[in-house]
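Trainee: Chains as they are written, first to last, in the working numbering: chain S, 1 to 216; chain E, 217 to 432; chain X, 433 to 648; chain D, 649 to 864. C-beta: ideal position from N, C-alpha, C; glycine also.
Protein chains: 4
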Amino acid sequence: MTPTPLRDLFQNNLQGDQELPAKQKQVLKAALDLFAAQGFENTTTKQIATLANVSEGTVYKRFKTKDQLLTAVLKPIINDVTPQMASEFKQVLTKRQFDSISDLIITIGQDRLQFVFDNQKELRILLGEILKKTERVKEFSQLLTTSIIPAVYNQFDQLKAHHKLVDWDNERIFQYIVSIILSYVTQIVMFSAQLDLTQILSDTAEFFERGLAPIE
Amino acid sequence: MTPTPLRDLFQNNLQGDQELPAKQKQVLKAALDLFAAQGFENTTTKQIATLANVSEGTVYKRFKTKDQLLTAVLKPIINDVTPQMASEFKQVLTKRQFDSISDLIITIGQDRLQFVFDNQKELRILLGEILKKTERVKEFSQLLTTSIIPAVYNQFDQLKAHHKLVDWDNERIFQYIVSIILSYVTQIVMFSAQLDLTQILSDTAEFFERGLAPIE
Amino acid sequence: MTPTPLRDLFQNNLQGDQELPAKQKQVLKAALDLFAAQGFENTTTKQIATLANVSEGTVYKRFKTKDQLLTAVLKPIINDVTPQMASEFKQVLTKRQFDSISDLIITIGQDRLQFVFDNQKELRILLGEILKKTERVKEFSQLLTTSIIPAVYNQFDQLKAHHKLVDWDNERIFQYIVSIILSYVTQIVMFSAQLDLTQILSDTAEFFERGLAPIE
Amino acid sequence: MTPTPLRDLFQNNLQGDQELPAKQKQVLKAALDLFAAQGFENTTTKQIATLANVSEGTVYKRFKTKDQLLTAVLKPIINDVTPQMASEFKQVLTKRQFDSISDLIITIGQDRLQFVFDNQKELRILLGEILKKTERVKEFSQLLTTSIIPAVYNQFDQLKAHHKLVDWDNERIFQYIVSIILSYVTQIVMFSAQLDLTQILSDTAEFFERGLAPIE
DNA sequence: AATGAATGAGGGTTCATTCAT
DNA sequence: TATGAATGAACCCTCATTCAT
Chain S
1 MTPTPLRDLF
11 QNNLQGDQEL
21 PAKQKQVLKA
31 ALDLFAAQGF
41 ENTTTKQIAT
51 LANVSEGTVY
61 KRFKTKDQLL
71 TAVLKPIIND
81 VTPQMASEFK
91 QVLTKRQFDS
101 ISDLIITIGQ
111 DRLQFVFDNQ
121 KELRILLGEI
131 LKKTERVKEF
141 SQLLTTSIIP
151 AVYNQFDQLK
161 AHHKLVDWDN
171 ERIFQYIVSI
181 ILSYVTQIVM
191 FSAQLDLTQI
201 LSDTAEFFER
211 GLAPIE
Chain E
217 MTPTPLRDLF
227 QNNLQGDQEL
237 PAKQKQVLKA
247 ALDLFAAQGF
257 ENTTTKQIAT
267 LANVSEGTVY
277 KRFKTKDQLL
287 TAVLKPIIND
297 VTPQMASEFK
307 QVLTKRQFDS
317 ISDLIITIGQ
327 DRLQFVFDNQ
337 KELRILLGEI
347 LKKTERVKEF
357 SQLLTTSIIP
367 AVYNQFDQLK
377 AHHKLVDWDN
387 ERIFQYIVSI
397 ILSYVTQIVM
407 FSAQLDLTQI
417 LSDTAEFFER
427 GLAPIE
Chain X
433 MTPTPLRDLF
443 QNNLQGDQEL
453 PAKQKQVLKA
463 ALDLFAAQGF
473 ENTTTKQIAT
483 LANVSEGTVY
493 KRFKTKDQLL
503 TAVLKPIIND
513 VTPQMASEFK
523 QVLTKRQFDS
533 ISDLIITIGQ
543 DRLQFVFDNQ
553 KELRILLGEI
563 LKKTERVKEF
573 SQLLTTSIIP
583 AVYNQFDQLK
593 AHHKLVDWDN
603 ERIFQYIVSI
613 ILSYVTQIVM
623 FSAQLDLTQI
633 LSDTAEFFER
643 GLAPIE
Chain D
649 MTPTPLRDLF
659 QNNLQGDQEL
669 PAKQKQVLKA
679 ALDLFAAQGF
689 ENTTTKQIAT
699 LANVSEGTVY
709 KRFKTKDQLL
719 TAVLKPIIND
729 VTPQMASEFK
739 QVLTKRQFDS
749 ISDLIITIGQ
759 DRLQFVFDNQ
769 KELRILLGEI
779 LKKTERVKEF
789 SQLLTTSIIP
799 AVYNQFDQLK
809 AHHKLVDWDN
819 ERIFQYIVSI
829 ILSYVTQIVM
839 FSAQLDLTQI
849 LSDTAEFFER
859 GLAPIE
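1) What are the residues of the region 794-825 of chain D that lie near chain X, defined by any Cβ-Cβ distance shorter than 7 Å?
2) Does the beta carbon of ARG328 of chain E sit closer than 9 Å to a beta carbon anywhere in chain S?
3) Given this structure, state the Cα-to-Cα distance separating PHE390 of chain E from LEU428 of chain E, to the nearest angstrom.
4) State the Cα-Cα distance for the pair PHE658 of chain D and LYS709 of chain D, rounded to the nearest angstrom.
5) With 16 as the cutoff for other CB atoms within 10 Å, does ASP681 of chain D come out buried or exposed?
6) Helix, strand or coil for GLU422 of chain E, going by three-state DSSP, please let me know.
7) Using beta-carbon positions only, say whether LEU761 of chain D and LEU849 of chain D come within less than 9 Å of one another.
8) Taking only beta-carbon positions, decide if LEU830 of chain D is within less than 9 Å of chain X.
9) For a quick check, are the C-beta atoms of ASN370 of chain E and LEU309 of chain E less than 9 Å apart?
10) Strictly under 9 Å for the Cβ-Cβ distance: is LEU212 of chain S near chain E by that measure?
11) With burial defined as no fewer than 16 other Cβ atoms inside 10 Å of the residue's Cβ, what is the status of LEU559 of chain X: buried or exposed?
12) Run down chain D in chain order and give the residues with a C-beta less than 7 Å from the C-beta of ASP635 of chain X.
13) Using beta-carbon positions only, say whether GLN758 of chain D and LEU845 of chain D come within less than 9 Å of one another.
14) Output the distance between the C-alpha atoms of PHE35 of chain S and LYS66 of chain S, rounded to the nearest integer angstrom.
15) Just to confirm the assignment, what range does the alpha helix (DSSP H) spanning PRO76 of chain S have?
16) With 9 Å as the threshold, decide whether the Cβ of GLU704 of chain D is near any Cβ in chain X.
17) Does DSSP put PRO5 of chain S in a helix, a strand or coil?
18) Taking only three categories from DSSP, how would you classify ASP465 of chain X?
19) Does DSSP put GLY842 of chain D in a helix, in a strand, or in coil?
20) So is SER179 of chain S buried or exposed if we call it buried at 16+ other beta carbons inside 10 Å?
21) Closest to LYS241 of chain E by C-alpha separation, out of E:THR259, E:THR218, E:PHE279 and E:THR220, would be which residue?
22) Compare the Cα-Cα distances from GLU561 of chain X to each of X:ILE510, X:VAL617 and X:LEU627 and report the closest residue.
23) To the nearest angstrom, how far is the alpha carbon of GLY255 of chain E from that of GLU338 of chain E?
24) Measure how close the beta-carbons of VAL243 of chain E and THR266 of chain E come, nearest whole angstrom, since I'm counting them as under 8 Å.
25) For the alpha helix (DSSP H) that ALA484 of chain X lies in, which residues bound it at each end?
26) Please list, in chain order, the residues of the region 681-702 of chain D that have any C-beta partner in chain X closer than 7 Å.
27) State the DSSP-derived secondary structure class of VAL459 of chain X, mapped to helix, strand or coil.
28) Within this structure, are the beta carbons of ASP599 of chain X and PRO646 of chain X separated by less than 9 Å?
29) Quick check: is the beta carbon of SER318 of chain E nearer than 9 Å to any beta carbon in chain S?
30) Can you say whether THR434 of chain X is buried or exposed, counting buried as having 16 or more other CB atoms within 10 angstroms of its CB?
31) Please list, in chain order, the chain E residues whose beta carbon lies closer than 9 Å to that of PHE208 of chain S.
32) Buried or exposed: where does ASN335 of chain E fall if 16 or more other Cβ atoms within 10 Å of its Cβ makes it buried?
33) Might you give, ordered along the chain, the residues of its own chain that have their beta carbon closer than 6 Å to the beta carbon of PHE314 of chain E, omitting 5 neighbours on each side?
34) Please confirm whether TYR824 of chain D and PHE639 of chain X have their CB atoms less than 9 Å apart.
35) Please return the same chain residues whose Cβ sits closer than 6 Å to the Cβ of LEU6 of chain S, not counting the five positions on each side in sequence.
36) Can you grab the Cα-Cα spacing for the pair ILE48 of chain S / GLN68 of chain S, in whole Å?
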């Protein structure tokens with residue numbers, strides 16, 4: 001079961017908004033695509049209007065400045081899409097209990113690496129834009145933290161209870177795992193690396209099996 | 217012994233160029249600072265001229281377009297500054313032999329985390345600009361790879377010989393270590409996290425001591 | 433009945449264009465006047481904007497470059513104005529039958545010399561611009577050729593039939609007549625010569641009466 | 649005996665100037681070539697400096713503005729080269745006596761048409777530049793007038809004396825002949841027409857033989 | 001005299017934003 | 001509400017010209 005692409009989540013989310021006129025939705029959709037493809041500064045409002053099949057004036061009807069438009073694009077991603085994404089991921093985490101660190105890592109890894117792989121373009125640019133405004137960064141990361149973390153920590157706790165995980169702080173364990181998975185993510189997104197995901201995950205699992213084994 | 221800041225390395229490197237007129241050096245220096253502070257697109261050639269105490273025409277005397285100016289700023293960093301930086305780091309690696317993974321990680325970590333910490337601003341933006349052009353990414357990463365890696369691998373080999381490190385591929389070991397250190401780097405650069413570097417490094421060292429212990 | 437000035441023809445033609453906004457028409461009109469008065473390179477887009485009572489941005493709304501603006505000025509002249517001009521001239525040629533070479537030359541000469549005289553400024557510069565692009569030259573001259581020539585040749589043929597014109601190729605006869613009339617045109621346009629058109633035409637007519645008399 | 653090309657005459661003339669430093673001569677030569685090839689406005693002083701193998705400063709050593717440089721290029725052409733050219737042509741006119749209008753026309757025509765043909769590029773542009781400043785036009789045409797005309801008129805007078813030419817004003821006769829020859833010149837220069845010069849000249853001669861025959 | 005770095009006014013062009021319809 | 005013409009500030013860049021060496 002592959003994760004739903006970011007772009008689709010975004011669009012579904014837009015359609016749920018009763019208040020927003022159809023044309024404005026087209027604007028947001030066009031803006032997302034163009035920002036993702038060329039970055040914020042390199043996208044003109046005219047391009048957005050054209051792609052959205054809308055006049056330039058319409059772009060400004062609701063969003064008073066180009067910057068507000070960016071915010072409007074980012075907001076649903078941060079407020080709605082990411083949670084949705086997160087909950088999708090959470091399902092993976094809560095559907096069943098993992099019986100080892102290996103199991104956990106391979107499952108998580110497969111799911112998220114796939115997601116990143118499928119959304120390279122959007123992630124690369126949107127990340128860039130998000131990073132430019134420090135406030136946004138905070139919002140965004142908090143989001144992730146509050147929704148996914150509990151599910152993961154719960155799994156950690158259960159593994160610990162079964163004496164299958166070292167008794168360190170969940171934060172610390174989480175950091176190590178995320179770090180290494182993210183490093184592969186980076187290689188994929190930034191360098192378009194062609195990696196053997198299966199091999200990598202099994203190696204990584206082996207490593208954590210040792211590094212995070214409970215202390216006897 | 218703290219690592220030399222990027223900005224100073226850049227400037228020293230410029231001063232070595234006999235051919236480039238003083239004003240042109242001022243231009244490059246100003247451009248680096250402004251690009252680092254506000255990004256490429258948000259920096260005006262007029263701003264650069266003003267900061268460099270130079271007319272706008274002068275900016276264009278040598279560098280025919282704003283883009284060429286960016287390249288001219290990046291080139292010495294990639295061709296000269298980074299190697300210098302790398303060799304500085306290499307010295308740390310070759311000066312002495314490490315007697316454990318912990319030792320290695322703490323030493324490396326301290327040096328590089330400090331460097332990143334000191335150059336947050338420059339790294340954040342320049343990295344952004346470098347990432348925009350895929351060709352540059354390749355150049356840049358190859359650079360790092362060829363100059364530092366051998367020294368690190370040499371240390372690994374010696375630790376293995378003394379039966380103090382698991383007998384995995386050096387690449388694999390390197391990836392794990394770098395991943396986790398980079399994850400802290402990221403937290404510093406992107407989120408301006410206030411971290412207790414000493415604590416972190418000792419924890420990380422402990423983790424690797426277990427995960428990378430030789431198999432009995 | 434004096435021929436309609438080029439500038440008026442141009443303006444009438446513009447007004448016929450329903451699609452083009454009023455301000456854009458002002459731009460074209462201003463551009464024609466300025467190009468004619470100072471040449472293309474010596475005319476600023478700002479000057480055009482000012483004369484047209486329009487912002488500089490408006491100049492570029494429709495015409496993406498200054499060069500396209502020149503083309504846009506020249507196009508109606510080539511495509512519409514000249515034909516109109518030509519047809520006006522053709523009327524003179526077809527309205528009645530000429531009963532001698534003298535008659536023909538004096539009539540043609542008066543009409544066209546007057547036209548040139550009235551449009552000195554426009555002709556002088558526009559011709560210059562037209563000549564810079566060889567492709568345009570071709571277009572332009574073909575235009576003239578296809579629309580006027582037949583009417584003239586028809587007159588020649590009738591004169592020949594009445595045994596009032598030498599039996600040479602029409603092209604050859606046309607060339608001689610046009611050459612000499614153009615030479616006076618040139619003197620008017622280029623040197624602002626003050627010529628006694630009536631005297632000149634009667635002299636010229638006399639000359640042709642002899643040179644082009646039918647061979648007995 | 650083909651006429652000497654304009655460019656060579658210009659250069660020879662420069663070499664005769666003792667006062668002008670060698671580098672300045674290079675500048676003038678380069679300027680002529682570039683102005684001829686691309687027009688005045690489209691030629692930069694840097695281009696001139698480069699082609700002349702000279703620094704930009706040197707270009708301004710003697711010629712204080714770009715416009716003065718144009719004047720300096722045009723001056724020798726008007727003051728020295730054209731007279732030389734004219735005298736060359738005059739020789740053709742005075743070397744022998746012509747025994748008919750045909751003879752005269754064919755000889756003149758061949759010589760001058762050839763000259764124009766060989767100097768198309770220079771003539772086309774230089775003429776353009778000359779035409780832009782009305783004062784220059786006057787200078788230039790007077791030049792031609794005073795040096796060549798007498799020789800031509802002398803020939804006319806002799807033909808008249810031998811009862812081989814109509815007894816009209818020399819100016820009038822001259823105008824007719826020059827007009828028609830110039831019309832062919834124009835076709836060559838402007839439209840790069842491929843004309844059969846021999847045929848044309850013999851036709852033209854025939855025409856004038858009739859049009860300018862003495863009145864019985 | 002010659003150099004070429006430096007100047008800076010001004011040119012063409014873009015684009016976020018406004019506004020009349 | 002939607003349109004798209006209009007705006008004008010600001011940008012990148014050019015180039016004739018000056019000036020220190």
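Mentor: This is what the structure holds:
1) When CB distances to chain X are screened at a threshold of 7 Å, the residues of the region 794-825 of chain D falling below it are ARG820, GLN823 and TYR824, in chain order.
2) No, because no Cβ of chain S sits closer than 9 Å to the Cβ of ARG328 of chain E.
3) The C-alpha of LEU428 of chain E is placed about 11 Å away from the C-alpha of PHE390 of chain E.
4) Their backbone Cα atoms lie some 21 Å apart in a straight line.
5) ASP681 of chain D comes out buried.
6) If DSSP states are grouped into helix, strand and coil, GLU422 of chain E belongs with the helices.
7) Cβ atoms of LEU761 of chain D and LEU849 of chain D: closer than 9 Å.
8) Answer yes: the Cβ-Cβ gap between LEU830 of chain D and chain X drops below 9 Å somewhere.
9) Yes. Within cutoff.
10) Put simply, the CB of LEU212 of chain S is near chain E, with a gap under 9 Å to one of its CB atoms.
11) Answer is exposed; the Cβ neighbour count stays below 16.
12) Result: ARG820.
13) Closer than 9 Å, so yes.
14) PHE35 of chain S and LYS66 of chain S: Cα-Cα distance of roughly 11 Å.
15) For PRO76 of chain S, the uninterrupted alpha helix (DSSP H) run begins and ends at 66-76, by DSSP.
16) Interface flag for GLU704 of chain D against chain X is unset, since no Cβ pair is found closer than 9 Å.
17) In the structure shown, PRO5 of chain S falls within a coil segment according to DSSP collapsed to helix, strand and coil.
18) DSSP places ASP465 of chain X in the helix class (H, G or I) of the three-state scheme.
19) Note on identity: in this sequence residue 842 of chain D is Gln, with Gly being the wrong assignment. Note: GLN842 of chain D maps to coil in three-state DSSP.
20) In this structure SER179 of chain S is buried. Its beta-carbon is surrounded by 16 or more other beta-carbon atoms within 10 angstroms.
21) Nearest option by C-alpha distance: E:PHE279.
22) The shortest Cα separation from GLU561 of chain X among X:ILE510, X:VAL617 and X:LEU627 belongs to X:ILE510.
23) Cα to Cα, the separation comes out at about 10 Å.
24) Contact doesn't hold; Cβ gap of about 11 Å is too wide.
25) Counting along the chain, no alpha helix (DSSP H) covers ALA484 of chain X, and no H or E run does either.
26) So the list reads GLU689, given in the order they occur along the chain.
27) In this structure, VAL459 of chain X counts as helix in the three-state DSSP scheme.
28) For the pair ASP599 of chain X and PRO646 of chain X, the CB atoms are nearer than the 9 Å cut-off.
29) For SER318 of chain E, not one C-beta of chain S is nearer than 9 Å to its own C-beta.
30) Exposed.
31) Result: GLY427.
32) ASN335 of chain E is buried by the Cβ-count criterion.
33) Only residues of its own chain outside the window of five on either side were considered, and among them LEU320 and GLN371 have a CB closer than 6 Å to the CB of PHE314 of chain E, listed in chain order.
34) TYR824 of chain D is a Cβ neighbour of PHE639 of chain X, given a cutoff of 9 Å.
35) Excluding residues within five positions, the ones whose Cβ falls inside 6 Å are ASN119 and GLU122.
36) Taking the straight line joining both Cα atoms gives about 14 Å.
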